[in-house]
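**Student:** Provided herewith is a single structure, encoded as structure tokens, for subsequent inquiry.
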Amino acid sequence: MSNEFPGWHGTTIIGVRKGGKVVVAGDGQVSLGQTVIKGTARKVRRLSPGGSDVVVGFAGSTADAFTLLERLETKLEATPGQLQRACVELAKDWRTDKYLSKLEAMLIVTDGTDLLVVTGAGDVLEPEHDVAAIGSGGNFALAAARGMMDTDKDAETVAREAMAIAADICVYTNGRLTVETI
20 MSNEFPGWHG TTIIGVRKGG KVVVAGDGQV SLGQTVIKGT ARKVRRLSPG
70 GSDVVVGFAG STADAFTLLE RLETKLEATP GQLQRACVEL AKDWRTDKYL
120 SKLEAMLIVT DGTDLLVVTG AGDVLEPEHD VAAIGSGGNF ALAAARGMMD
170 TDKDAETVAR EAMAIAADIC VYTNGRLTVE TI
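Pasting the structure below:
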């Protein structure tokens, strides 16, 4: 049996920017292999470093994600109002630090203006088409949301409906959502 991380199983996170709002939604399922361990986990969080609101959704190892959230909060406190800069600094540390480089998670981060995906490969990506998705059901949610972006649906409706589609397709995703709007 391999000790390698088995992929981003266990969650789907989506970020949708539309109509002046950004919505980040995540399901509540935590899986260990083929077993559902918990169905009501909260993988979308609101941070308020230095009084500014930032919403973060994470996929991957929970302990690793919490470590990254703490580091991100520190970076945001050091660079108030500069989300991209804080994320780039986090990504640089994540890629080059011997301890951090072993962390297995991905983040979607927004301050209501910027919508970014941050990875351990050193990437800080602003998605095209105002939709970002990560996790095992991320591609399903991304495709569904992209198909709804030209409709009159608002950001929250797009995110919720895309997550429902992902939950119907991906066995590592459920319909118990945490939704944060900024």
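Using my numbering, read the sequence shown as starting at 20 and increasing by one per residue. All residues carry an ideal CB built from backbone N, CA and C; glycine is no exception.
With distances taken between CB atoms, is the gap from P68 to E108 smaller than 8 Å?
**Tutor:** Indexing the sequence shown from 1 puts residue 68 at position 49. Indexing the sequence shown from 1 puts residue 108 at position 89. No, the pair does not count as a contact, with Cβ atoms beyond the cut-off.
**Student:** Quick check on L51: buried or exposed, where buried means 16 or more other Cβ atoms within 10 Å of its Cβ?
**Tutor:** To locate residue 51, count along the sequence shown from 1; it is residue 32. L51 comes out exposed.
**Student:** For the alpha helix (DSSP H) containing M168, name the first residue and the last one.
**Tutor:** As a position in the sequence shown, residue 168 is number 149, starting the count at 1. It is not in any alpha helix (DSSP H) - M168 carries neither H nor E in the DSSP assignment.
**Student:** Cα separation between V143 and I56?
**Tutor:** Position 124 of the sequence shown, counting from 1, holds the residue named residue 143. Position 37 of the sequence shown, counting from 1, holds the residue named residue 56. So the two alpha carbons sit approximately 31 Å from each other.
**Student:** Excluding the 5 residues flanking R65 on each side, which residues of the same chain have their C-beta closer than 7 Å to its C-beta?
**Tutor:** What you label residue 65 is simply residue 46 of the sequence shown in a count that begins at 1. Correct list, in chain order: D72, V74 and E199.
**Student:** CA-CA distance, K121 and E89?
**Tutor:** One-based indexing of the sequence shown puts residue 121 at position 102. One-based indexing of the sequence shown puts residue 89 at position 70. So the alpha carbons of these two residues sit roughly 16 Å apart.
**Student:** With 16 other CB atoms within 10 Å as the buried threshold, where does K37 fall?
**Tutor:** In the sequence shown, the residue the question calls residue 37 occupies position 18. It counts as buried.
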